[in-house]
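Reviewing the structure listed below.
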Amino acid sequence: MDSDFELDDLSQKRRATSTPSDASTYPQELKESTTASWTWATSVILSAWSCALIFSPRVLLFAIGESRYLTPLETFLALHFGLLFAFSAVGLVVNIPFSAPVPERDRGPRNHPLIVSTTSFLLLSAFVSYNATGVGSLPVLYSACTGVLGVWGLWAITFAGPALVSRKTGAVKHTSAFIFGNKYSASEQKKRWKLEQKGKGL
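When we follow the working numbering, the leftmost residue of the sequence shown carries the number 14, and every step to the right adds one.
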């Protein structure tokens, strides 16, 4: 007597139910906490070096066992490396990952996370280096390079970043009616929206 039996492979079902996925074995919260810990530790170290380079650059000479004064070039480099470390630390801290849901307005295209801190460093460094003396034409050249990049970054933050759209009128907030009288600017559309609301209220 021939009998057909259909056997279920229980090992595959047991494996599917008992074996956690890669995401569950290494939860997202653990990844974010590890990254946050690294960020804080790096920021503290960068801040310490920044303070040493900006406020007491002679510490470097004591560290290598030399008792002399810094040259103007060494002072210039120490100051700007200190500024770079300081703004790098700030950029790391303000971009620490977190588990909270991303707001609806932040789900669109965004600027580079370090563009604000980097642009701030470039503009401040350009201003400080322009007033430096004793190192020849280096401050002017450095100030020109960092100044151009800083102004470019400021333009990117202001105009080339993601458009901020008004929730009430749907207008792009980067537009303006100044000088040219743009009828589709955010201010003009807000005026029309207020008039419409007053009309509905009547």
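Cβ coordinates follow ideal geometry from the N, Cα and C atoms, glycine included.
Could you give the first and the last residue of the continuous alpha helix (DSSP H) run that contains residue i?
{"i": "L86", "result": "85–106"}
{"i": "E157", "result": "According to the sequence shown, residue 157 is Ala rather than Glu. Taken as a continuous stretch (DSSP letters only), the alpha helix (DSSP H) holding A157 covers 151–171."}
{"i": "T132", "result": "128–143"}
Since residue i and residue j are thought to touch, with beta carbons under 8 Å apart, how far apart are those beta carbons, to the nearest angstrom?
{"i": "F98", "j": "L74", "result": "The pair is not a contact, with the Cβ atoms about 18 Å apart (cut-off 8 Å)."}
{"i": "A102", "j": "S56", "result": "4 Å"}
{"i": "L96", "j": "T52", "result": "At roughly 20 Å, the Cβ-Cβ gap does not stay under 8 Å, so L96 and T52 are not in contact."}
{"i": "L92", "j": "V141", "result": "7 Å"}
{"i": "L86", "j": "V153", "result": "Incorrect: roughly 14 Å between the Cβ atoms, too far for contact."}
{"i": "I170", "j": "N108", "result": "Incorrect: roughly 15 Å between the Cβ atoms, too far for contact."}
Under a Cβ-count criterion, where at least 16 other Cβ atoms within 10 Å of its own Cβ denotes burial, should residue i be classed as buried or exposed?
{"i": "P126", "result": "exposed"}
{"i": "S89", "result": "One point to set straight first is that residue 89 is Phe, not Ser, in the sequence displayed. Under this definition F89 is a buried residue."}
{"i": "G78", "result": "exposed"}
{"i": "A36", "result": "In this predicted model, A36 has a pLDDT of only 48, less than 50, meaning its place in the structure is not dependable; the value taken from the coordinates is given anyway. With fewer than 16 other Cβ atoms within 10 Å, it is exposed."}
{"i": "A139", "result": "buried"}
{"i": "Q202", "result": "buried"}
{"i": "V115", "result": "For V115, the predicted structure reports a pLDDT of 42, less than 50, and the residue's modelled location is therefore unreliable. A value from the coordinates is still provided. By the 10 Å Cβ count, V115 comes out exposed."}
{"i": "S80", "result": "exposed"}
{"i": "G166", "result": "buried"}
{"i": "S50", "result": "exposed"}
{"i": "L59", "result": "buried"}
{"i": "L135", "result": "buried"}
{"i": "S63", "result": "buried"}
{"i": "R120", "result": "Legend: pLDDT at R120 = 47, less than 50; position of this residue unreliable, value from coordinates given subsequently. Result: exposed."}
{"i": "F100", "result": "buried"}
{"i": "S156", "result": "buried"}
{"i": "R205", "result": "exposed"}
Minimum length 4: unbroken alpha helix (DSSP H) runs contained in the region 46–84: 72–76
Meets three-Cβ-pair contact criterion under 8 Å: the region 159–168 and the region 131–140: yes
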